[in-house]
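First the structure, in the form of structure tokens, and then the observations on it.
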Amino acid sequence: MKTGRAKAGLLLAAAAVLLSGCGESQTIRYQGSGGSWEGSYQADLVKSKKSQLGTYSFRYKGDARKEIEAFSIATDGPGHFYYRGSDGLPGPTLSSGIVCDDCTPEKDTIMVVMEWTDKDGGHQESFELKKS
């Protein structure tokens, strides 16, 4: 599993180097939270190619290692991020990088839908990440 993370890290680093040489860059940030979760999206944009290297991060406000049994995360933002896990969260924060072309968000919000199961049953929470 560590090998996969290392490969993903190298891929993102290589993409960052490639994107940084493509033109003027700009950083965008989105943040938001609900009752049980908080999240963010940050990306470095290259204007000339509309390319971006971005990262989604989500954190459960409780003790995720003890409470979360299964979960899924879906967004309507760049990369249409979707993540599903059946063994709880891998750590206090779940982060995932994306690299894409021509996917720069044109709206000021990204909708997030969180679904999770804990000892009390299934839950769903929706919230917006707002451009800051």
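Numbering (the working numbering), first residue to last: 132 to 263. Even for Gly, the Cβ is constructed at its ideal location relative to N, Cα and C.
Extent of the continuous beta strand (DSSP E) to which residue i belongs
{"i": "E256", "result": "G252 to K262"}
{"i": "I204", "result": "A201 to T206"}
{"i": "G222", "result": "G222 -> no beta strand (DSSP E), and no H or E assigned at all."}
{"i": "F189", "result": "S182 to Y191"}
{"i": "E246", "result": "T240 to D249"}
{"i": "S164", "result": "S156 to S164"}
Per-residue burial, residue i [other beta carbons within 10 Å of its own, 16 or more giving buried]
{"i": "S236", "result": "The sequence given here places Pro at residue 236; Ser does not occur at that position. Its Cβ being crowded by 16 or more others within 10 Å, P236 is buried."}
{"i": "T158", "result": "exposed"}
{"i": "Q183", "result": "buried"}
{"i": "Y172", "result": "buried"}
Pair within 8 angstroms by beta-carbon distance, residue i and residue j
{"i": "R190", "j": "S263", "result": "no"}
{"i": "D249", "j": "E200", "result": "yes"}
{"i": "G185", "j": "G222", "result": "no"}
{"i": "E256", "j": "G163", "result": "no"}
Helix, strand or coil at residue i according to DSSP, with G and I counted as helix
{"i": "E169", "result": "strand"}
{"i": "E198", "result": "helix"}
{"i": "C153", "result": "Any reading at C153 needs caution, since the residue's pLDDT is 49, under 50, leaving its predicted position unreliable; the model's value is listed next. In this structure, C153 counts as coil in the three-state DSSP scheme."}
Own chain residues within Cβ distance below 7 angstroms of residue i, not counting five before or after
{"i": "D207", "result": "I241 and M242"}
{"i": "K261", "result": "Y161, Q162, G163, D239 and T240"}
Contacting residues, own chain, Cβ-Cβ under 6 angstroms from residue i (five flanking each side not counted)
{"i": "F202", "result": "G216 and W247"}
{"i": "L225", "result": "F189"}
{"i": "F212", "result": "Y187 and T206"}
{"i": "H254", "result": "W247"}
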